[in-house]
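First residue of the sequence shown? That's 38 in this note's numbering, and the numbers climb one at a time after it. We put the beta carbon where it would ideally sit given N, CA and C, even for glycine. Treat the numbers as computed from the prediction; the structure is a model and nothing was measured.
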Amino acid sequence: SGQQIGLMIFSSDKEYTLHPDPGTELTVDLDGTVLTLPVVGGKSAFGW
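Structure, rendered in structure tokens:
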């Protein structure tokens, strides 16, 4: 209880990545995003 997981989104492909000007704001469509985290022991490891 009370623990959080952070998600960082970045790119490291220098040859094919567009580099926006400093101060540019980027938006992530969270409604179209899925994050799947494997958990050792599955759902039962959470006690649900």
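Hey, would you say residue i sits closer than 9 Å to residue j, going by beta carbons?
{"i": "Leu63", "j": "Leu44", "result": "no"}
{"i": "Ile46", "j": "Val65", "result": "yes"}
Per DSSP, what kind of secondary structure is residue i in: helix, strand or coil?
{"i": "Asp68", "result": "helix"}
{"i": "Lys15", "result": "Residue 15 cannot be examined here, being either before or after the span of the chain that is shown, 38 to 85."}
{"i": "Gly79", "result": "helix"}
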